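When we follow our numbering, the leftmost residue of the sequence shown carries the number 69, and every step to the right adds one.
Scroll down for the structure; my scribbles are underneath it.
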Amino acid sequence: MAEEKEVKTFKELGLRDELVEACENVGWKTPSKIQAEAIPHALEGKDLIGLAQTGSGKTGAFALPILQALLEIAENQRTVPAFFACVLSPTRELAIQISEQFEALGSGISLRCAVLVGGVDMMQQTLALGKRPHIVVATPGRLMDHLTNTKGFSLGTLKYLVLDEADRLLNDDFEKSLDEILNVIPRMRQTYLFSATMTKKVKKLQRACLKNPVKIEAASKYSTVDTLKQQYRFVPAKYKDCYLVYILTEVSASSTMVFTRTCDATRLLALMLRNLGQRAIPISGHMSQSKRLGALNKFKAGECNILICTDVASRGLDIPSVDMVINYDIPTNSKDYIHRVGRTARAGRTGVAISLVNQYELEWYLQIEKLIGMLYILFSIEATRMKVSI
Ligand code: AMP
């Protein structure tokens, strides 16, 4: 039965030829699971809730139906309406990546996007808004700032709202801005809400701003992708650095992300690894936006092959070639683990996630195991699924 339903092509989902071609041009041969399930409902005009992990192709799942609607309106009215869709993202980097995907998919139709994120000059963004973009991708705080202070800018014509990584959008910093934005945008619109995890706050947001949504679950609750190998190493706190260096030297991975709890640790570890001849670069919330983007670009370009980051970088970064994630510190919030390891094994690729668990972090790691439903026997190093032996 399941096979009968399987959709093989973007065309079969109901997408127009221009968009099928755009998918081919960006190298997408067949729809991902979330795309196959979400796009037909979205094209029917339904609101969506997508429970999808990072790397599932969720950006395409909301971008393609929005582009299809734009194309249809442009055809009927001979103009492409400005401020047609707004995508809210919790991080600046994710906002930039979403905009890049929109631009790549919309390149054939001269799509204009504006990115409104904090840490960048307001004036430049005001100029971008003056060009009347079709799509606005923004972090909530900066969008509200522009809605309040930029003359002539409003979202009165908005037809689509996307809340990406909604669980992250609902943190204390953003909640107020998000409420204000929801109050000033048109109620007659389509809303897509994507979240890796379904928290109480996300459910509340869903009730507040979606109408009879179709729920699509590309991954079972809190699961990690099948192509991801998850391993842990139970190590004494004082030897963590040695184990990190050992793994980085012994496991062959062309690109690695190392997660730490603090911004200081990203800097210190990067210094240590560089002194040992490794090509490591830190990225954390303490760095300016331009430095963060610079570090990310060096990593993407392969100039550096180890990115040391805090959880700021664990969400939404689209770095397809990461083949190893190392949790140098175990996250205290189990859901952060899912987001961290979601950096590898993306879009059908394989990947490995190695967690260095010390005597103080055991409890947190057990919580994570409970969450992802895995029962490793923690107390024996031999029982780990590590391929390397230390
Ligand atoms: P996302 O989950 O939207 O961040 O997408 C993760 C990565 O998967 C991005 O690099 C996309 O370009 C890629 N991707 C999205 N959809 C597809 C597809 N249908 N086929 C292959 N790659 C895809």
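Note that beta-carbon positions come from the ideal geometry of N, C-alpha and C, so glycine has one too.
Fair warning: this is a prediction, and the values are worked out from it, not measured in the lab.
Inter-residue Cα distance where the pair is residue i and residue j
i	j	result
Tyr260	His214	22 Å
Glu105	Tyr307	46 Å
Asn426	Glu318	20 Å
Phe262	Asn395	25 Å
Ala338	Asn144	55 Å
Asp332	Val390	23 Å
Asn217	Ala150	19 Å
Glu168	Ala153	15 Å
Asp404	Leu231	19 Å
Pro350	Thr324	12 Å
Met190	Arg236	24 Å
Met454	Val409	In this predicted model, Met454 has a pLDDT of only 40, less than 50, meaning its place in the structure is not dependable; the value taken from the coordinates is given anyway. Cα-Cα distance, rounded: 16 Å.
Exposure label - residue i; buried when at least 16 CB within 10 Å
i	result
Ala369	exposed
Cys377	buried
Gln192	exposed
Met256	exposed
Ala286	buried
Gly198	exposed
Leu173	buried
Leu375	buried
Gly123	buried
Glu450	Caution applies to Glu450, whose pLDDT of 35 falls short of 50 and renders its modelled position unreliable; the value that the coordinates give is listed next. Classification of Glu450: exposed, given that the 10 Å Cβ count is below 16.
Asn373	buried
Thr77	exposed
Glu161	buried
Val326	buried
Tyr290	Unreliable positioning characterises Tyr290 in this predicted model, as indicated by a pLDDT of 42, which lies under 50. The coordinate reading is nonetheless provided below. Tyr290 should be labelled buried.
Asp240	exposed
Ser358	exposed
Ser222	exposed
Leu195	exposed
Val303	buried
Val252	exposed
Pro281	buried
Leu81	buried
Gly220	exposed
Ser288	Any reading at Ser288 must be qualified, since the residue scores a pLDDT of 40, below 50, and its modelled position is unreliable; the value itself is stated next. Exposed: under 16 other Cβ atoms inside 10 Å.
For residue i, the nearest candidate out of the options (CA to CA)
i	options	result
Ile398	Val88, Tyr311, Leu316 and Thr328	Thr328
Gly125	Tyr228, Asp391 and Lys97	Lys97
Ala264	Asp240, Gly362 and Glu233	Glu233
Leu424	Tyr314, Lys438, His407 and Pro281	Tyr314
Leu278	Ile107, Lys114 and Cys91	Lys114
His202	Leu135, Lys219, Glu318 and Leu111	Leu135
Glu86	Val282, Gly128, Gly176 and Thr147	Gly176
Ala305	Phe221, Ala276, Glu429 and Ile253	Glu429
Val94	Val270, Thr412, Gly128 and Val409	Gly128
Leu316	Ala163, Glu437, Ile422 and Cys91	Ile422
Leu138	Thr216, Leu195, Thr225 and Met212	Thr225
Leu439	Ala413, Ile406, Pro281 and Thr418	Ile406
Gln346	Ser356, Leu361, Glu371 and Thr330	Glu371
Thr159	Pro108, Gly82, Gly187 and Leu119	Gly187
Val420	Leu344, Thr295, Arg335 and Ser402	Thr295
Arg411	Gly353, Lys297, Pro208 and Leu116	Lys297
Leu312	Val393, Ile102 and Lys79	Val393
Residue i: CB within 7 Å of a non-hydrogen atom of the ligand AMP
i	result
Gly125	yes
Gly128	yes
Ser100	yes
Lys97	yes
Gln346	no
Gln103	yes
is_contact[residue i, chain D] using C-beta, thresh 8 Å
i	result
Ser423	In summary, chain D is missing from the structure at hand, where a single protein chain is found.
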